[in-house]
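Colleague:
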Amino acid sequence: MTDPWATRVDAEPPRQGLSPAMIAAIATSVAVLAIIGATGGFLLANANPEASPSTSANAVTTSPTASPTVDESPSFSPSPVASATSTTPAATGTLPDGTGRDFREYFAQLRTAKLGVVLIFGETGQDGLVTRTSPAAPARIRPGLTIKVYIAGAPPETALPRVVGLPCRDARVPLGNSGLLPTYLSGQDGVVLSQSPDPEAGGTARWNDHVEITCGEGATASPSP
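In case it helps, UniProt numbering puts the sequence shown at residues 1 to 225.
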């Protein structure tokens with residue numbers, strides 16, 4: 001007869017954990033998921049070409065600011081200088097020699113050739129004769145070039161034109177032809193209202209003298225001869 005209060009001990013305890021079949025199934029699932037993830041990453045990489053390292057490298061090397069071209073530099077050509085010196089008003093294209101000539105005659109010749117003239121008196125020699133020029137003859141000349149003329153002796157008297165009534169901007173022409181320099185006291189607008197010295201008032205002038213000009217609104221009149 002079996003004792004109901006006796007302790008029962010199993011000959012072999014029940015097993016715990018995963019069975020070999022379940023472990024095999026889990027391993028298979030992990031392998032399949034790894035393959036799917038790798039395939040998806042490959043497809044995504046090909047679908048976005050901007051992620052490629054080679055594309056980024058090309059973007060840097062083709063930058064328009066990498067190096068300026070020659071066309072972007074400012075253009076410069078010395079040809080205008082050469083063409084300017086080749087245009088001359090005189091037939092020969094060279095400065096005529098004025099040494100030993102009367103300065104009045106030489107002055108008129110240079111003015112006719114549309115050259116600027118600066119008269120410098122006080123040289124040693126016969127009064128009124130040209131001693132030298134700068135530039136020296138036979139230098140190449142062009143319209144507007146200024147010639148310095150050195151003259152022996154003191155500046156003599158010159159004809160003093162009356163410019164009252166002329167447009168102020170035109171007064172410089174007759175004064176310049178007489179070797180005089182206009183000084184505008186009130187600008188150059190309007191007509192000449194007065195001048196000093198004034199030949200009508202007995203005024204006289206010497207070469208290189210300044211003539212003071214006052215301009216304003218008034219009637220235009222012809223200057224006295």
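C-beta atoms are modelled at their ideal positions from N, C-alpha and C, and glycine is treated no differently.
Here the structure is a predicted model, which is why all the values come from computation and not from measurement.
Given this structure, state the Cα-to-Cα distance separating Phe121 from Gly176, to the nearest angstrom.
Modeller: Rounded to the nearest angstrom, the two C-alpha atoms are 17 Å apart.
Colleague: Work out the CA separation of Leu95 and Leu166 for me, nearest whole Å.
Modeller: One C-alpha to the other measures close to 33 Å.
Colleague: DSSP on Asp209, reduced to helix/strand/coil?
Modeller: Coil, per DSSP.
Colleague: Gly216 bridges to which residues according to DSSP?
Modeller: Bridge partners of Gly216: Val191.
Colleague: By a C-beta neighbour count over all protein chains shown, 10 Å radius and 16 as the cutoff for buried, is Gln195 buried or exposed?
Modeller: The residue in question, Gln195, is buried, as its Cβ has 16 or more Cβ neighbours within 10 Å.
Colleague: Taking 9 Å as the cut-off, decide whether the C-beta atoms of Asp127 and Ala152 are in contact.
Modeller: Yes; because the gap between Cβ atoms is below 9 Å, this pair is in contact.
Colleague: Report buried or exposed for Ala205, applying the criterion of at least 16 other Cβ atoms within 10 angstroms of its Cβ.
Modeller: Buried: at least 16 other Cβ atoms inside 10 Å.
Colleague: Is Glu217 closer than 9 Å to Gly190 when the C-beta atoms are compared?
Modeller: Yes, the pair counts as a contact, with Cβ atoms nearer than the cut-off.
Colleague: If I measure Cβ to Cβ from Gln188 and keep anything under 7 Å in the same chain, skipping five residues before and after, which residues do I get?
Modeller: Around Gln188: Cys168, Arg169, Cys215.
Colleague: Buried or exposed: which applies to Thr112, given that a residue is buried once 16 or more other Cβ atoms fall within 10 Å of its Cβ?
Modeller: Counting Cβ neighbours within 10 Å, Thr112 comes out exposed, since fewer than 16 surround it.
Colleague: For the candidate residues Gly125, Arg142, Val118, whose alpha-carbon lies nearest to that of Ser134?
Modeller: Checking every option, the nearest Cα to that of Ser134 belongs to Val118.
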